[in-house]
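Beneath this line is the structure, given in structure tokens, with notes to follow.
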Amino acid sequence: MAKKDVITKLLTKQNDYFADIFNHLLFHKDLIDPDKLSEKDAEQLFPKIDSQKEKELYRDVFKKAVIKYDDKNTYVLLGIENQSEIAYNMPARVMLYDALSYRQQLQQIKYKNRKNNTLSSAEWLSGFSKADRILPVISLVIYWSPKAWDGPRCLHDMFDQLHPLISEYVSNYHVNIFSLHEIPLSSISSMKSDIGLLFEFLKYSNDMAKVRQYRKDKRFSNVPFEIADAIRIMADMKIELRKDQEGNTDMCEGLRLLREQDKAEARAEALIEGRIEAKNESRMIFVEYLIKQGKSKAEAIKEADKIFPLLKQA
């Protein structure tokens, strides 16, 4: 699982893949320019309740983006969390990530204001002036399994019971969770980068009929090695990949070799089964023969076990 988490983190950290994910899964339009993304520190700090020491909390990927819409620029902070397994604390966890991102912004503004001595006496305590503004934070979670997400999607889902009389007073927190099981193929196909191939393959990785079709799909005949390697690791496929001089690989060839390997293993298993059945039949005939010769059943079985040592008693 750790290897899967590492490879998805490395992929989604790349600007073109990162922008593709937000543009086509969340916004459904090209709002994020990959060339205008900047890396933000994914490490965030918060005080531990039981001590004054600080504990480290890390996002998977965190970037600053500029969205140009109606001729206006809006700056936002965008985060991605990659999940190879379901996390049943996801809403509370993402809420904490986002809250810490806002807290970090407040601290930076507070430090700047006090350093420049621009605050009134009333503003000094908070360190935040009436004119100060913070950037919005948007987080999304990618569940990289073809299985359905059965975990909570908002904070209210994590409560045991929430009486209708108080539910409207308990703030909720919705999380943008994208499960491969639910992402429509149209959204995946609209992606401009090769990460769409990873989404598509993994979405149908449990459908062997679909996987067989990919053996002849030209899109997979010249794939960036990093995408093909991610498919191999995430789908737990024992295929051999060869990187060419341009850093690409032919996944179709790897899938064809896998098919031949599967056939060979099936033939070997059938042959072994046939031999075992033949030995079992011979053993039983030998036991019956010894019994007819006056041996007890126990003696006959013991004698047969000496001749057929690899077989257990039936």
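Residue numbers (my numbering): 24 to 337. Positions of the beta carbon are idealized from the N, C-alpha and C atoms, including for glycine. These numbers were taken from a predicted model, which means no experiment stands behind them.
Closest residue to residue i among the options (Cα-Cα distance)
{"i": "residue 272", "options": "258, 162, 245, 216", "result": "245"}
{"i": "residue 86", "options": "103, 329, 184", "result": "103"}
{"i": "residue 162", "options": "268, 122, 170, 181", "result": "122"}
{"i": "residue 109", "options": "100, 133, 218, 167", "result": "167"}
{"i": "residue 49", "options": "165, 225, 118", "result": "165"}
{"i": "residue 160", "options": "180, 185, 89", "result": "89"}
{"i": "residue 202", "options": "195, 227, 191", "result": "227"}
{"i": "residue 212", "options": "46, 33, 34", "result": "46"}
{"i": "residue 170", "options": "230, 141, 143, 219", "result": "230"}
{"i": "residue 34", "options": "314, 262, 195, 248", "result": "248"}
{"i": "residue 99", "options": "91, 220, 187", "result": "91"}
{"i": "residue 129", "options": "105, 157, 106, 184", "result": "157"}
{"i": "residue 339", "options": "225, 268, 113", "result": "The shown model of the chain, from 24 to 337, leaves out residue 339, and the question about it has no answer."}
{"i": "residue 52", "options": "210, 182, 309", "result": "210"}
{"i": "residue 217", "options": "38, 25, 27, 146", "result": "38"}
{"i": "residue 118", "options": "275, 82, 96, 220", "result": "82"}
{"i": "residue 28", "options": "97, 215, 106, 57", "result": "106"}
{"i": "residue 57", "options": "261, 241, 214, 327", "result": "214"}
{"i": "residue 175", "options": "116, 111, 238", "result": "111"}
Extent of the continuous beta strand (DSSP E) run through residue i
{"i": "residue 157", "result": "Taken as a continuous stretch (DSSP letters only), residue 157 belongs to no beta strand (DSSP E), as it is neither H nor E."}
Which of helix, strand or coil DSSP assigns to residue i
{"i": "residue 249", "result": "helix"}
{"i": "residue 141", "result": "coil"}
{"i": "residue 148", "result": "coil"}
{"i": "residue 109", "result": "coil"}
{"i": "residue 81", "result": "strand"}
{"i": "residue 264", "result": "coil"}
{"i": "residue 229", "result": "coil"}
{"i": "residue 49", "result": "helix"}
{"i": "residue 54", "result": "coil"}
{"i": "residue 72", "result": "Residue confidence is low: residue 72 scores 45 on pLDDT, short of 50, so the model does not pin down where it sits. Its coordinate-derived value is still stated next. It is coil, neither helix nor strand."}
{"i": "residue 195", "result": "coil"}
{"i": "residue 287", "result": "For residue 287, the pLDDT reaches just 46, beneath the cut-off of 50, and the residue's location in the model is therefore unreliable, although a value from the coordinates is still provided. The answer is helix: DSSP assigns residue 287 an H, G or I state."}
{"i": "residue 219", "result": "helix"}
{"i": "residue 309", "result": "helix"}
{"i": "residue 122", "result": "helix"}
{"i": "residue 294", "result": "Because residue 294 sits at a pLDDT of 49, beneath the cut-off of 50, its placement in the model cannot be relied upon, and the following sentence gives the value as read from the coordinates. Residue 294: helix per DSSP, three-state reduction."}
{"i": "residue 258", "result": "coil"}
{"i": "residue 224", "result": "helix"}
{"i": "residue 171", "result": "coil"}
{"i": "residue 213", "result": "coil"}
{"i": "residue 131", "result": "helix"}
{"i": "residue 239", "result": "coil"}
Residue i: first and last residue of the uninterrupted alpha helix (DSSP H) it sits in
{"i": "residue 323", "result": "320-330"}
{"i": "residue 205", "result": "From DSSP, residue 205 is part of no alpha helix (DSSP H); its letter is neither H nor E."}
{"i": "residue 40", "result": "38-44"}
{"i": "residue 28", "result": "25-35"}
{"i": "residue 187", "result": "187-190"}
Which residues DSSP lists as bridging residue i, in chain order
{"i": "residue 62", "result": "86"}
{"i": "residue 91", "result": "96"}
{"i": "residue 166", "result": "106, 202"}
{"i": "residue 177", "result": "197"}
{"i": "residue 136", "result": "BP columns for residue 136 are empty, so no partner."}
{"i": "residue 101", "result": "86, 161"}
{"i": "residue 271", "result": "247"}
Residue-chain proximity (residue i, chain C), Cβ-Cβ < 7 Å
{"i": "residue 214", "result": "Structure shown: chain C not included; a single protein chain is present."}
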